[in-house]
Amino acid sequence: MSTVEQQYFALLRSALWDTSVSIVGEIDWEAVMKMAEFHSNNVLVADVASRMTDGRKPSPVIQAKLQSLMRSNLFHLMQLRQILVSAVKLLREHGIEPVVLKGFGLALLYPNPSLRQIGDIDLFIGIADFHEACTLLRTLPGSYNWGEEIDVGRHYNIEFGGIPLEVHRVSADIEDAKLYPHYAAMEKEGLIDHPQRIDYEGFEISIPSKEFVVFFTFYHAWHHYLETGVGWRQLSDVAMALHSYHGQLDLDKLRKWLNNMRVMTPWQTFGYLLVECLGLPETEMPFYDVSCRKRAHKLYRQIMREGNFKRANSFKRKKPKHHFWHKVHAFISIFVDFSHHVSVFPAQAFREMTNTISNSFGKNLKKK
C-alpha cells in the first residue's frame, strides 16, 4: 500500500468501527479525500476528518469543503426519507408491502447511519403487485416516470426532483438460466416469506432477512465488480452487515446459497480484503480462507485502479451514441471485461463472458 492508501484505510476503519485514528505523521488530505470520493465513501471519511483536533486535522479551507459535503449529504438523505415514507405509505394503503433494498437498511448497520451515502431508493415489490405498485407510485406529487408503459425488465424508474426511485419486479438479473431457480428460491425466502421489520427514524420499513441482506449485499458488490466497477463503499456495506449480524446468521444456509450461485471463491477473496483492509474481525468473516491471499492482492490492485463505477476506465465510460457503433462498443466491452477479470477469477470470467454473449447476441441471432 502507498502512504495515501494507508491513510485512507486508517480513516475509513475509524469511521466503520467508531475508533480513534491510527496514523503517524502528516496526512495528505487532498489525496485522501480524492481517493474517498473515488470509492464513494467520502462522507464517512469527511466526518472522521471533521472531528480531528490534533495537528493532523485538515486545513481551514479543506474543513470548509468537508462541512459543505456533509451538509449536502444530510439534506439529500432528508429528501430521500420523505420520498420513501410517502411511497411506502401509499403502497400500504393499497395492501402492498414493499421491501427496501440496499441503502436505508444498510445505513442502519453503520455507527452513524446518516454518513452512509445513499443515491436512490430501491423498493422490491415482486411480480404479483408490480404493475399496480408502479401505477400507484406514478400518482405521487412531483413524480416523473421514464416511460408511459411499465417496463418489462427487472425494475421501473420513477424520479422525484432528480432523485430516482427504482421499483423492482425482481431483485437481480440472473443471466445464467441454471442459476435462476436457486436465486428465485432465495428471493422468495428472504424477501417475500421472511423479511425483517425495522425502525428507520421513527418509521417502520421492511428489509430482507438477515441472511439475504448479507448475501445480496455481497452479490451486489460482486456484480459491481463484473459490470460497473466496485468501490470500498460496497465492500464496507458487506463488512457492516457481517459485523452487525455476527452470531445471528444461519451459516449452513449462507454456505448453500454461495455454493448454489457459484460465488464461494469470490466471497472468500473479497472476504480476505474485508479483514485485511477494512478491519473486519476474522472470526466475523464466514468461510474465511487465507489461501486467497494472492488472488485478493490482484483484486485489491484492480479495485484501487478503477474504483466505483469504473471511473478510471475511459473505454467503458465512453459509449458511442450511434446505434451501430454502440453495439460494436458493447461487443468489444465483453472481451475488455473478460481480460480484466480472468487474471483474478478465471472460471467466473469465462462463465460471465459466455452468458453475456449468449444472452445479448445469441438471442438477437435467433430472432433473425
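Quick note, in the working numbering, the sequence shown goes up one by one and the last residue is 371.
The C-beta atom is built at its ideal place from N, Cα and C for all residues, glycine as well.
Report the CB separation of residue i from residue j in whole angstroms; it is logged as a contact under 8 Å.
i, j, result
"S209", "E100", "6 Å"
"L302", "V347", "5 Å"
"Q351", "P269", "6 Å"
Among residues of its own chain, excluding the 5 on either side of residue i, which ones have a beta-carbon nearer than 7 Å to its beta-carbon?
i, result
"L111", "I201 and Y203"
"R157", "H171, R172, V173 and D176"
"V91", "P101 and I208"
"R59", "I26, E29 and I30"
"P61", "W32, A52 and L69"
"N263", "H185"
"S117", "L77 and L80"
"G165", "none"
"Q66", "S53"
"F127", "P101, V102, L104, H171, S174 and L194"
"H3", "For the chain, the structure presents residues 4 to 371; residue 3 sits outside this window and is missing."
"E152", "Because the pLDDT of E152 is 49, which lies under 50, any placement of that residue in the model is unreliable, and the number read from its coordinates should be weighed accordingly. Hits under 7 Å: none found."
"Y113", "R119 and M243"
"Q82", "I166"
Taking the alpha-carbon positions, what's the residue i to residue j distance?
i, j, result
"E355", "Y159", "25 Å"
"F273", "A299", "7 Å"
"E8", "S146", "41 Å"
"R258", "K68", "44 Å"
"R314", "M55", "Because the pLDDT of R314 is 45, which lies under 50, any placement of that residue in the model is unreliable, and the question is left without a value."
"L281", "S5", "16 Å"
"Y291", "Y275", "7 Å"
"E285", "A18", "19 Å"
"V103", "I195", "12 Å"
"K37", "W20", "22 Å"
"D50", "N115", "10 Å"
"G205", "L283", "30 Å"
"R236", "L229", "16 Å"
"K370", "V46", "Annotation note: pLDDT 41 at K370 (below 50); position unreliable, coordinate value reported separately. If you take the alpha carbons of K370 and V46, they lie about 48 Å apart."
"L93", "L143", "8 Å"
"Q251", "P63", "44 Å"
"P289", "R74", "37 Å"
"S294", "Q271", "9 Å"
"L277", "F221", "11 Å"
"R308", "H343", "12 Å"
"T231", "G122", "15 Å"
"L72", "K181", "45 Å"
"Q120", "K297", "31 Å"
"K163", "D253", "It should be noted that the sequence gives Phe, not Lys, for residue 163. If I take the Cα positions, the gap works out to 38 Å."
"P349", "R304", "17 Å"
"F107", "D57", "33 Å"
Using 7 Å as the cut-off, classify the Cβ of residue i as near or not near the heavy atoms of the ligand SAM, replying yes or no.
i, result
"D292", "The ligand SAM is absent from the structure shown, which contains no ligand whatsoever."
Give every residue of the same chain whose Cβ lies closer than 8 Å to the Cβ of residue i, excluding the five residues on either side of it in the sequence, and list them in chain order.
i, result
"G234", "F41, H42, S43, N44, H227, I306, G310, N311 and F312"
"V48", "Y11, L14, L15, A18, V35, M36 and A39"
"E96", "none"
"E135", "H97 and I99"
"A224", "V233, Q237, L238, D240, V241 and F273"
"L140", "A90, L93, L94, S146, I161, L168 and V170"
"Y183", "I177"
"E279", "A299"
Grab me the residues of residue i's own chain with a C-beta within less than 6 Å of its C-beta, minus the 5 sequence neighbours each way, in chain order.
i, result
"L168", "I124 and I161"
"M267", "L261"
"K256", "E214"
"K105", "D125"
"L109", "D240"
"H249", "E287"
Do the region 240-251 and the region 125-140 meet, that is, are 3 or more Cβ pairs less than 8 Å apart? no
Can we say the region 24-35 touches the region 213-228, given the rule of at least three CB pairs closer than 8 Å? no
Under 8 Å: do the region 67-87 and the region 185-200 share three or more Cβ pairs, one atom per stretch? no
Which runs of the alpha helix (DSSP H) at least 4 residues long sit entirely within the region 22-91? Give them in chain order. 32-41 and 45-53
Just list the alpha helix (DSSP H) runs in the region 213-271, keeping only unbroken ones of 4 residues or longer that don't cross its boundaries, in chain order. 213-226, 235-247 and 254-263
Can you give, in chain order, each stretch of the alpha helix (DSSP H) that sits fully within the region 104-150 and has at least 4 residues? 106-110 and 133-140
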